[in-house]
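What follows is a set of notes on a single structure, which appears directly below.
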Amino acid sequence: MAVFTEVGFDEADALVRRLGLGPLTALRGIEGGIENTNYFASTASGEFVLTLFERLGPEQLPYYLCLMKHLASRGIPVPGPVADPAIEPLGGHPLSIPVNAPCEFLHRVAGKPAALVQRLEGRSELAPTPAHCAELGRLLARMHQAARDFPRIQPNLRGLAWWNDTAPVVLPYLEAPQAALLRSELAYQNHIAESSAYAALPRGPIHADLFRDNAMFAIGEAAPRLTGVFDFYFAGTDTWLFDLAVCLNDWAIDLPTGRHDALRAAALLAAYATVRPLTGAERALLPAMLRAAALRFWISRLWDFHLPREASMLKAHDPTHFERVLRERSRAPAGPLVSISADSGEPQAA
Ligand SMILES: Nc1ncnc2c1ncn2[C@@H]1O[C@H](COP(=O)(O)OP(=O)(O)OP(=O)(O)O)[C@@H](O)[C@H]1O
Ligand SMILES: N[C@@H](CCO)C(=O)O
1 MAVFTEVGFD EADALVRRLG LGPLTALRGI EGGIENTNYF ASTASGEFVL
51 TLFERLGPEQ LPYYLCLMKH LASRGIPVPG PVADPAIEPL GGHPLSIPVN
101 APCEFLHRVA GKPAALVQRL EGRSELAPTP AHCAELGRLL ARMHQAARDF
151 PRIQPNLRGL AWWNDTAPVV LPYLEAPQAA LLRSELAYQN HIAESSAYAA
201 LPRGPIHADL FRDNAMFAIG EAAPRLTGVF DFYFAGTDTW LFDLAVCLND
251 WAIDLPTGRH DALRAAALLA AYATVRPLTG AERALLPAML RAAALRFWIS
301 RLWDFHLPRE ASMLKAHDPT HFERVLRERS RAPAGPLVSI SADSGEPQAA
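For the sequence shown, UniProt numbering gives the first residue as 1, with consecutive numbering after it.
Structure (structure tokens):
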């Protein structure tokens, strides 16, 4: 469980009252998550999640919170953040907004920047079937399209620049074969990022961390139905293909071996393509982006594992999983076991 910062009942009560939600009736630290402190907060007006940001500051947070609001207002099922009625929403062009200007969705709790968002119903499906993957694929494509006119710009802060900065920090902890893999994959990804095919990839705001534990499905319905996706705190402007690769590397992977599951991948890709067919450049670079997405989480897990932070309830993720996924992706250069027909963009299991 990750509660890095303890929140007193009275302080949370003061926040929800200020936001016009009535008195707090219950507050409970949430199991799971490794980045932020999360609590379930029940109030007279409904169920919410209180997040205290442990690493991110007021420079980055307005992007995530405003993106969630933007998506929610476009009918994408994401938790809407609750605004402080005392703070005037900022108008005008986002680039003209001063970096430290107050954001109506950003609060302060226990000395940390904090947000209160709606609690989604349902539960995560940790053993997804092709039908769950299809639901996710459709939603991902709708989300990419709905975010296209989101006016703020912020890079993916866990993108290539961060990999280049962080690899030297974790390399001293690695055995020789792992260090060689990390160095060579980083060189490959720097090379890919300079290519004209990469420059041609469509891009926009992406979630960038949409693992199966960041989505909720309705409970007790015959067919899988997503009730929403959450945890946008790694979102940023990047290629849509990278977002798709992050999802494929989690939703369509056999967790014990790191092997690709062709049926789940085909379902996810086909559903995505029914909403937004992939471009030629995307089809060409899917294998490289699957490697990039594996590298991203291998590095962040190594970083969290070898340079841990204090937490009263914390379970670090296993870095060796993404080392296995990366080796699998590099061994099978065709990437997922699917072929995507050039004319329709429709993937099929190979
Ligand atoms: N809006 C929400 N609705 C319902 N449950 C939520 C919501 N936000 C968070 N949760 C619950 O809290 C848990 C932890 O949240 P989250 O995954 O965002 O943690 P984190 O530490 O911020 O991120 P990470 O997944 O990057 O470790 C989730 O697994 C989920 O059970
Ligand atoms: N989804 C990430 C954790 C949060 O970034 C992982 O599984 O490593």
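We put the CB at the ideal spot given by N, CA and C, even for glycine.
| request: Using alpha carbons as the reference points, say which of 159, 255 and 11 lies closest to residue 189. | output: 159
| said: Can you tell me whether residue 235 is buried or exposed? The criterion is at least 16 other CB atoms within 10 Å of its CB, across all chains shown. | reply: buried
| residue 260 to residue 77, Cα distance in whole Å? | 28 angstroms
| request: Please go through the same chain and pick out, in chain order, the residues whose beta-carbon is closer than 7 angstroms to the beta-carbon of residue 65, but skip the five residues on each side of it. | output: 81, 103, 105, 106 and 115
| request: Report all residues from its chain with a CB closer than 6 angstroms to the CB of residue 135; omit the five preceding and five following residues, and keep chain order. | output: 224 and 226
| field | Through-space distance from residue 290 to residue 245, alpha-carbon basis | value | 5 angstroms
| How would you write the range of the beta strand (DSSP E) that residue 238 sits in, first residue to last? | 236-239
| Alpha carbon to alpha carbon, what distance is there between residue 317 and residue 304? | 8 angstroms
| message | I'd like the list of long-range same chain contacts for residue 154, defined as Cβ closer than 7 angstroms, with 5 residues on each side in sequence excluded. | response | 60, 63, 236 and 237
| Is it the case that the Cβ atoms of residue 27 and residue 42 are separated by a distance below 9 angstroms? | yes
| query | From which residue to which residue does the alpha helix (DSSP H) around residue 299 run? | reply | 280-306
| field | Where the beta strand (DSSP E) through residue 204 begins and ends | value | 203-206
| query | How do the region 159-174 and the region 197-205 stand: do at least 3 beta-carbon pairs fall below 8 angstroms, yes or no? | reply | no
| In the DSSP assignment, what residue or residues form a beta bridge with residue 253? | 260
| field | Reduced DSSP secondary structure (H/G/I, E/B, other) of residue 19 | value | coil
| message | Within a Cβ cutoff of 8 angstroms, which residues of the same chain sit near residue 79, ignoring the five residues on either side of it in sequence? | response | 49, 68, 72, 117, 118, 119, 120, 228 and 230
| Under the DSSP definition of a beta bridge, which residues are partnered with residue 229? | 215
| request: Count the C-beta pairs between the region 213-222 and the region 191-200 that are closer than 8 angstroms, then say yes if the count reaches three, no if not. | output: no
| message | Does the beta-carbon of residue 233, which I'm using as the reference point, lie nearer than 8 angstroms to any heavy atom of ligand 1? | response | yes
| field | Extent of the continuous alpha helix (DSSP H) to which residue 117 belongs | value | Per DSSP, residue 117 belongs to no alpha helix (DSSP H); it is in the beta strand (DSSP E), 112-118.
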